[in-house]
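Going by full-length UniProt numbering, the residue at position 113 of the sequence shown is 113; the numbering climbs one at a time, nothing skipped.
Worksheet: the structure to be examined is printed underneath.
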Amino acid sequence: MIDKELAEIKEMVKLLVTNERLTHVEGTAKFAKTLALIHNLDQNIAEFMAYAHDIFRDVIYEKLVKIARIYSIEISTHDQANPVLLHGKVAAEFIKRRFNINDDDILTGIAFHTSGFKNFGVYGKVLFLADSLEETRTYPNVEELRELAYKDIDIAYFEVLRNKIIYALSRDLLILPESVDSWNSIIVKRKGGVL
C-alpha cells in the first residue's frame, strides 16, 4: 500500500462513519499495525484494511442493499434478514473498484471481517483479530485473546472464532455460514483431513 491510498481511505472513513465508529476503526488500525509489526507483515496493508473494513457500517440499510445490488453482490437470506451484514462485502467491492486492488487476502479479509472465512490469508486473520480485539473491546477473556494474538495468529484466529460462535449460541443469534465453514475447515485440518 502506498501512502496516498492510505491517506485517502482515512479521509473517506472520517466522512462516512460516526465518531463512535471512528474510534473503533482507529483502534482496529492500531491493533492491526501492532500485529503486523510483531509478525513481520506489512503494516500499511494491515492499517489500510482496518480503515476500510467498516467504511459502510453506518450507511442506512436500504442504501447498503442498493449499493450491494449495483455491485452485483449476492444477497443471501442472512443478508436480507440483517442487511448490516453486507457492509464488509460492499466495502471490499468498493475498495477493489476505487483502488484497483485485486488481492484475495485483502478483499476477503475486508468482506468477511465479521464472520471469518475458510480461506483467509494472514492479512484476513489479522483484520479479523484486530476488529475483535482492539482496545475498546471489553468482554471476558479479551486480554488473554490479545496476548494470544501477539504470539500466534492462527491459534488466536481459532480461539476468537470459537468465542464468537459461543457468544452467538448463548444468545440465540445467527451463526453465519462463513463462520461455520471456517470452523469446520480448521477442525478437519487439525485432525489431518482436508475439507
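Note that beta-carbon positions come from the ideal geometry of N, C-alpha and C, so glycine has one too.
In this text the structure is predicted, and so the values were computed from the model without any measurement.
Please return the same chain residues whose Cβ sits closer than 7 Å to the Cβ of residue 37, not counting the five positions on each side in sequence. The residue you call residue 37 lines up with position 37 of the sequence shown. The beta carbon of residue 37 is closer than 7 Å to those of 43 in its chain, skipping five residues each way along the sequence.
Since residue 41 and residue 122 should fall inside the 8 Å C-beta cutoff, what is the C-beta to C-beta distance between them, to a whole number of angstroms? Counting from one through the sequence shown, the residue named residue 41 turns up at place 41. Counting from one through the sequence shown, the residue named residue 122 turns up at place 122. Right, their Cβ atoms sit about 6 Å apart.
Residue 197 lies in the alpha helix (DSSP H); which residues open and close that run? The chain is shown from 1 up to 195; residue 197 falls before or after that span and cannot be answered.
Compute the Euclidean distance between the alpha carbons of residue 164 and residue 155, then round it to the nearest angstrom. Your numbering for residue 164 matches position 164 in the sequence shown. Your numbering for residue 155 matches position 155 in the sequence shown. Cα-Cα distance, rounded: 14 Å.
On the DSSP letters alone, give me the boundaries of the alpha helix (DSSP H) that residue 20 sits inside. Here residue 20 refers to the residue found at position 20 of the sequence shown. From DSSP, the alpha helix (DSSP H) with residue 20 extends over 19-38.
Can you find the residues in the same chain that come closer than 8 Å, C-beta to C-beta, to residue 39, ignoring five residues on each side of it along the sequence? For this step, residue 39 is matched to residue 39 along the sequence shown. Answer for residue 39: 122, 126 and 153, listed in chain order.
Among 65, 70 and 30, nearest to residue 77 - alpha-carbon criterion: Position 77 of the sequence shown, counting from 1, holds the residue named residue 77. Closest in alpha carbon position to residue 77, among 65, 70 and 30, is 65.
Taking the alpha carbon of residue 186 as the point to measure from, which residue in 158, 70, 172 and 173 has its own alpha carbon closest? As a working mapping, residue 186 is identified with position 186 in the sequence shown. That would be 158, whose Cα lies nearest to the Cα of residue 186.
Pairing CB atoms from the stretch 55-71 with CB atoms from the stretch 8-27, are three or more of them under 8 Å? The stretch 55-71 is in contact with the stretch 8-27.
Nearest to residue 4 by alpha carbon, out of 107, 63 and 45? As a working note, residue 4 is residue 4 in the sequence shown. If we check each option's Cα against that of residue 4, 45 comes out closest.
CA nearest to the CA of residue 134, picked from 120, 149 and 124: Residue 134 sits at position 134 when you count from the first residue of the sequence shown. Closest option to residue 134, Cα to Cα, is 149.
DSSP three-state assignment for residue 119, whether helix, strand or coil: In the sequence shown, residue 119 corresponds to position 119, counting from 1. The answer is coil: DSSP assigns residue 119 none of H, G, I, E or B.
Among 184, 192, 129 and 147, nearest to residue 49 - alpha-carbon criterion: For the purposes of this step, residue 49 is taken as residue 49 along the sequence shown, with counting starting at 1. If you compare the alpha carbons of 184, 192, 129 and 147 with that of residue 49, the shortest gap goes to 129.
Hey, how far is the Cα of residue 141 from the Cα of residue 132? Within the sequence shown, numbered from 1, the residue matching residue 141 stands at position 141. Within the sequence shown, numbered from 1, the residue matching residue 132 stands at position 132. Taking the straight line from one Cα to the other gives about 12 Å.
Simplified DSSP state of residue 184, which is helix, strand or coil: Along the sequence shown, read from residue 1 onward, the residue named residue 184 stands at position 184. If DSSP states are grouped into helix, strand and coil, residue 184 belongs with the helices.
Please list, in chain order, all residues of the same chain as residue 86 whose beta carbon is under 6 Å from its beta carbon, the five residues on each side excluded. Working through the sequence shown from its first residue, we reach residue 86 at position 86. Only residues of its own chain outside the window of five on either side were considered, and among them 64, 68 and 79 have a CB closer than 6 Å to the CB of residue 86, listed in chain order.
Three-way DSSP call (helix, strand, coil) for residue 53 in this model: As a working note, residue 53 is residue 53 in the sequence shown. Of the three classes helix, strand and coil, the one that applies to residue 53 here is helix, per DSSP.
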